[in-house]
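*Asks:* Input: one structure, supplied below.
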Amino acid sequence: MRRMDGLSAFMLEQERTGAYMHTLKISILDTSQIPGGWDFYQFRDSLANRMHLLPMCRWKFLRVPFGLHHPVWVDDPEFDLNYHVRRIACPEPGDRTAFCELVSQVYAWQMDMSKPLWMVWVVEGLQDDEVALVTLLHHAYVDGAGAARLLTRFYSEGPQDIESAAPAWNPQPLPGRLSLLARALVDLPVTLYHCLPKIGRGIVSLRAMKKKHRLSGQELPPSVTRDTRDSPFNVMLGRGRTFVFETFDLADIRSLSKSFGVTINDLFVAAAAGTYREFMRSRGFDPDTGPLVTAIPVSKRPPPEEDDCIGNKTSADYLALPVHLDDPVERIRASQHAGDVMKAHLREAEGLDVASILEITPPALLHLLDWFVRKKEGKFSGIWGNAGLSNVAGPRQPLYLGRMRMSNWVSMGQVFHGMALNTTVWSYANNFNLCILADQKLLPDGWEMIRLYREAFARYAELLEDREQGAAMAARFRGQLTARSLPSQ
11 MRRMDGLSAF MLEQERTGAY MHTLKISILD TSQIPGGWDF YQFRDSLANR
61 MHLLPMCRWK FLRVPFGLHH PVWVDDPEFD LNYHVRRIAC PEPGDRTAFC
111 ELVSQVYAWQ MDMSKPLWMV WVVEGLQDDE VALVTLLHHA YVDGAGAARL
161 LTRFYSEGPQ DIESAAPAWN PQPLPGRLSL LARALVDLPV TLYHCLPKIG
211 RGIVSLRAMK KKHRLSGQEL PPSVTRDTRD SPFNVMLGRG RTFVFETFDL
261 ADIRSLSKSF GVTINDLFVA AAAGTYREFM RSRGFDPDTG PLVTAIPVSK
311 RPPPEEDDCI GNKTSADYLA LPVHLDDPVE RIRASQHAGD VMKAHLREAE
361 GLDVASILEI TPPALLHLLD WFVRKKEGKF SGIWGNAGLS NVAGPRQPLY
411 LGRMRMSNWV SMGQVFHGMA LNTTVWSYAN NFNLCILADQ KLLPDGWEMI
461 RLYREAFARY AELLEDREQG AAMAARFRGQ LTARSLPSQ
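In the working numbering, the protein residues as written are 11 to 499.
Below, the structure written as structure tokens:
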């Protein structure tokens, strides 16, 4: 039995009809080197032999009586791998467009909350002898950075045969209600003992920081309650989703960011601001009235050797997204500045971040937040601001599953009532994968937003001092949308 952390419990409690709290992990596998060719049933058997590397995949959750504490993870004695691994074919021609349409439909799958909260859809029929593993994994299990580390444990750095037998699994008996209640009564004082002083120090630090900033005239990050403005992204979710992703050359992105003296994340934020600016104008919203408020996740995971890759060891803060600036240079400088302000705020307000507060928030209050968002019909998103942005560094070297080389890997967070658009960057090897997930009514055609991102990056390339290099890079950014195949371009 393992207690959920506060952020994991929050993700669980936000699960509603049409509001899916599972994340999306997609592995694209090259099957051309498998002796005898691809065989789904052999693959499923090999997956069973590696389940011990992902023990959480056999866990389901149980709530504590009276909502006294966060839910717990327990072994599911009825775990059946065949239920969680499904087989499906991509419609012809099996290209990126057809694949993303299929993933959009797969994502809009409400999980059975009485079972372990994950599914793998094995997608066949792709071009170039490829197979995709489309995994729906509930955010209550692990955050993005933890999932990236899990991947390196499940896959290998080179081709190898998968072990033919798995260690025996003996699930622990399910705890009864009295056991759950007793454990909660033991755990709750410990949680309060560790968290309350930390939050208290955060309050003192935050007050001192606000006073210092007020006296010096320094800027603070935006307030999600005060500064979140009206935008097309703050709506209630329907059941449908739109998912697309585009793969850029990471070397181009890195070179472009260095040319402006900013980080890759600063460049991504600036491109997002330019993209959202044009999208807002196309939907009849005036972007010039001020910046949007975006919630930016920040990993708090321990070093890899100390990380069990379970739970959400993540914090978040708010960033002023400069959609109101038309000039791309002003926008990238404003993005860099907004990032610096947010990081300084996180350092000074340690202990008063979202994750720490959620750690001591009872489940009943989490339900109250969801009720308030619904009452406001999505115009107030709770803690998420206008839209979501995330940038996660994945493995730098290609990985393998048995004899299959993983040619690409992408990951995507979720959307919420009141925050119907999320853009996540996930790098893998030399790929810069830009992924978009949105409510289907908000964004029926996800490639529309991909085109806007392409144009935003291209405009920065055209500003390089080396005009020839910039023109060539801009042409690559403006290249045809991927319709050929699934690996990196």
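Yeah, the Cβ is synthetic: ideal placement off N, Cα and C, and Gly gets one too. Please read these numbers as outputs of a predicted model, since none were measured by experiment.
Do Ala283 and Val351 have their C-beta atoms closer together than 9 angstroms?
*Replies:* no
*Asks:* Suppose only complete runs of 4+ residues qualify. What are the alpha helix (DSSP H) ranges in the stretch 214–276, listed by chain order?
*Replies:* 260–269
*Asks:* So within the stretch 38–113, which uninterrupted beta strand (DSSP E) runs reach at least 3 residues, ignoring any that extend past its ends?
*Replies:* Taken in chain order, the complete beta strand (DSSP E) segments of 3 residues or longer contained in the stretch 38–113 are 69–72, 82–85, 95–99.
*Asks:* Kindly indicate the opening and closing residues of the alpha helix (DSSP H) around Arg159.
*Replies:* 154–164
*Asks:* Residues bridged to Gly395 by DSSP?
*Replies:* Thr304
*Asks:* Assign Phe426 to one of three DSSP states: helix, strand, or coil.
*Replies:* In the structure shown, Phe426 sits in a strand (DSSP, three-state: E or B).
*Asks:* Within this structure, are the beta carbons of Ala397 and Pro338 separated by less than 9 angstroms?
*Replies:* no
*Asks:* Are at least three pairs of beta-carbons, each pair with one atom in the stretch 100–107 and one in the stretch 135–145, less than 8 angstroms apart?
*Replies:* yes
*Asks:* Kindly provide the ranges of any alpha helix (DSSP H) runs that are 4 or more residues long and lie completely inside the stretch 174–212, ordered along the chain.
*Replies:* No alpha helix (DSSP H) of 4 residues or more sits fully in the stretch 174–212.
*Asks:* Leaving out the 5 sequence neighbours to the left and right, which residues in its chain are closer than 6 angstroms to Leu331 when beta-carbon positions are compared?
*Replies:* Ala283, Pro301, Leu302, Thr304
*Asks:* Does Ser498 come out as helix, strand or coil in the three-state DSSP assignment?
*Replies:* Residue placement at Ser498 cannot be trusted, given a pLDDT of 39 that sits under 50; what the coordinates show is reported in the next sentence. Here Ser498 sits in coil by DSSP.
*Asks:* Buried or exposed, going by whether 16 or more other CB atoms sit within 10 Å of the CB of Ile460?
*Replies:* buried
*Asks:* Between which two residues does the beta strand (DSSP E) holding Trp119 run?
*Replies:* It is not in any beta strand (DSSP E) - Trp119 carries neither H nor E in the DSSP assignment.
*Asks:* Please list, in chain order, all residues of the same chain as Val435 whose beta carbon is under 6 angstroms from its beta carbon, the five residues on each side excluded.
*Replies:* Phe278, Asn401, Leu444
*Asks:* Would you grab the beta carbon distance between Pro181 and Asp122 for me? Rounded to a whole angstrom, and I think it's under 8 angstroms.
*Replies:* Their Cβ separation, rounded to whole angstroms, is 18 angstroms, which puts Pro181 and Asp122 out of contact at 8 angstroms.
*Asks:* Drop a sphere of 10 angstroms on the beta-carbon of Ser437, count the other beta-carbons inside from all chains shown, and report buried for 16 or more, exposed for fewer.
*Replies:* buried
*Asks:* Hey, quick one: how far does the alpha helix (DSSP H) through Glu358 stretch, first residue to last?
*Replies:* 338–358
*Asks:* Alpha helix (DSSP H) containing Glu478: first to last residue?
*Replies:* 477–487
*Asks:* Looking at the structure shown, is Val333 part of a helix, part of a strand, or coil, going by DSSP?
*Replies:* coil
*Asks:* According to the Cβ coordinates, are Gly412 and Asp197 closer than 9 angstroms?
*Replies:* no
*Asks:* If you pair each beta-carbon of the stretch 42–61 with each one of the stretch 151–162, do three or more pairs fall below 8 angstroms?
*Replies:* No, the stretch 42–61 is not in contact with the stretch 151–162.
*Asks:* What would DSSP say about Met14, mapped onto helix, strand or coil?
*Replies:* coil
*Asks:* Just confirm the distance between the C-beta atoms of Asn418 and Asn441, as a whole number of angstroms; I'd bet it's less than 8 angstroms.
*Replies:* Yes, Asn418 and Asn441 are in contact; Cβ-Cβ is about 6 angstroms, under 8 angstroms.
*Asks:* In angstroms, rounded to a whole number, what distance separates the CA positions of Ser498 and Gly104?
*Replies:* Reliability of the predicted coordinates at Ser498 is poor, the pLDDT of 39 falling under 50, and the value obtained from them is presented with this limitation in mind. The straight-line gap from Cα to Cα measures roughly 15 angstroms.
*Asks:* Give me the Cα-Cα distance between Arg464 and Glu88, rounded to the nearest whole angstrom.
*Replies:* 47 angstroms
*Asks:* My understanding is that Met11 touches Met21, with C-beta atoms under 8 angstroms, so please give their C-beta distance in whole angstroms.
*Replies:* That pair is no contact at about 19 angstroms.
*Asks:* Excluding five sequence neighbours on each side, which residues of the same chain lie with their C-beta closer than 7 angstroms to the C-beta of Arg406?
*Replies:* Ala439
*Asks:* If we cut at 9 angstroms on Cβ distances, does Thr145 have a partner in chain D?
*Replies:* Absence of chain D from the displayed structure is noted, only one protein chain being present.
*Asks:* Is the CB-CB distance between Ser366 and Ser309 below 9 angstroms?
*Replies:* No.
*Asks:* Per DSSP, Trp436 is paired with what?
*Replies:* Note: Trp436 sits in a beta bridge opposite Val402, Asn443.
*Asks:* Please determine, among Arg60, Ala192, Ala176, the residue with the shortest C-alpha to C-alpha distance to Thr162.
*Replies:* Arg60
*Asks:* Among residues of its own chain, excluding the 5 on either side of Phe243, which ones have a beta-carbon nearer than 6 angstroms to its beta-carbon?
*Replies:* Here the set comprises Asn396, Ala397, Ala430, Leu431.
*Asks:* In terms of residue numbering, what span does the beta strand (DSSP E) encompassing Ala29 cover?
*Replies:* First-last for Ala29: undefined, no H or E at that position.
*Asks:* Does the count of Cβ pairs from the stretch 283–292 and the stretch 255–269 closer than 8 angstroms reach three?
*Replies:* no
*Asks:* Three-state secondary structure (DSSP) at Asp298?
*Replies:* helix
*Asks:* Excluding the 5 residues preceding and the 5 following Gly525 in the sequence, name in chain order all residues of the same chain whose CB lies nearer than 7 angstroms to its CB.
*Replies:* Limits of the chain in this structure are 11 at one end and 499 at the other, which puts residue 525 out of reach.
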